[in-house]
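Chemist: Take a look at this one; I'll ask things after.
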Amino acid sequence: MILSQSQPHDSVDEASASQDVGFKRELTLYDALMINVGTTLASAIFIVPAIVLATTGTAFMSSLVWIVAGGLSWCGAVTFSELAVMYPRAGGQYVYLKQAYSRFWGFLYGWTLFSVIQTASIAAVTVALMTYLAYFIPMSAATTKVGSIVLIMGLTIWNCFTVRTSANLQNRTTVIKLLTIVAIALICFLFGGDGLAAFQEMVPKAPATRTVAGFGAAMVAALW
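First residue of the sequence shown? That's 8 in this note's numbering, and the numbers climb one at a time after it.
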């Protein structure tokens with residue numbers, strides 16, 4: 008009789024305990040914004056513009072590539088915002104693929120993200136950072152690679168402490184990055200060699216097929 012009376016209480020305790028299990032929402036809107044901005048404006052932002060300009064041939068076409076890429080990125084951001092409202096659970100693309108197709112495709116994407124997509128991106132931007140740092144601090148190719156590995160390990164350990172600690176570092180570095188990019192853009196337009204006169208030539212003097220192919224290749228670089 009005592010056992011039968013304690014069972015409902017046990018079930019209630021188990022239910023309440025199961026409801027408490029999960030991730031804590033410790034990030035604010037500002038933190039989430041800085042994470043997305045910092046992820047988008049990675050080290051590649053200092054490398055890709057030169058590739059886009061060299062591929063398109065003119066400053067006007069290069070700017071057009073960035074405008075189109077920005078529009079496509081905005082469409083993707085709005086789509087993900089809508090999906091996040093529909094499925095407010097941790098997992099991101101895994102959740103969306105699982106809901107749209109099946110658990111298998113979500114599982115496959117998760118492992119692809121872990122083993123290829125995310126790891127390759129982290130390695131690429133870290134090597135880019137150390138390569139640019141080598142212009143100011145002379146170092147060999149081996150030192151650049153070792154420095155990249157140490158930087159990845161250091162940031163990984165830092166992110167293992169708390170979510171708040173990681174967010175604070177992300178916020179500060181993103182603000183510094185934004186101010187640096189704005190300063191570089193203003194200096195280039197105000198004190199650059201040709202200034203706004205560089206936009207007078209809209210289309211490069213090249214065959215149309217080469218111009219279209221160059222625009223497409225530049226789009227790939229800009230979207231990355």
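We put the beta carbon where it would ideally sit given N, CA and C, even for glycine. Given the structure is predicted, the values throughout are model-derived calculations rather than measurements.
Tell me the rounded alpha-carbon separation between residue 81 and residue 94.
Modeler: If I take the Cα positions, the gap works out to 20 Å.
Chemist: What's the gap between the Cα of residue 178 and the Cα of residue 38?
Modeler: Going by the C-alpha atoms only, they are around 7 Å apart.
Chemist: Could you tell me which of 43, 48, 84 sits nearest to residue 186, measuring between CA atoms?
Modeler: Minimum Cα distance to residue 186 is reached at 48.
Chemist: Buried or exposed: which applies to residue 154, given that a residue is buried once 16 or more other Cβ atoms fall within 10 Å of its Cβ?
Modeler: Counting Cβ neighbours within 10 Å, residue 154 comes out buried, since at least 16 surround it.
Chemist: Measure the C-alpha to C-alpha separation of residue 163 and residue 157 and round it to an integer number of angstroms.
Modeler: Going by the C-alpha atoms only, they are around 10 Å apart.
Chemist: Identify whether residue 48 lies in helix, strand or coil by the three-state DSSP scheme.
Modeler: DSSP places residue 48 in coil when its eight states are reduced to three.
Chemist: Taking residue 152 as part of the alpha helix (DSSP H), name the residues at either end of that continuous run.
Modeler: Where residue 152 is concerned, the enclosing alpha helix (DSSP H) stretches over 148–166.
Chemist: Let me know the alpha helix (DSSP H) ranges lying completely inside the region 42–106, each 4 residues or longer, listed in chain order.
Modeler: Here the runs fully enclosed are 55–63, 66–93.
Chemist: Exposed or buried, which one is residue 76 when buried takes at least 16 other CB atoms within 10 Å?
Modeler: Residue 76 is buried by the Cβ-count criterion.
Chemist: What residues in its chain sit with their C-beta under 8 Å from that of residue 51, if we drop five residues either side in the sequence?
Modeler: So the list reads 131, 132, 135, 231, once near-sequence residues are dropped.
Chemist: Can you give me the Cβ contacts of residue 159 inside the same chain, cut-off strictly under 7 Å, excluding the 5 residues immediately before and after it?
Modeler: Hits under 7 Å: 129, 133.
Chemist: Check whether the Cβ atoms of residue 192 and residue 59 sit closer than 9 Å, and answer yes or no.
Modeler: Contact flag unset, no.
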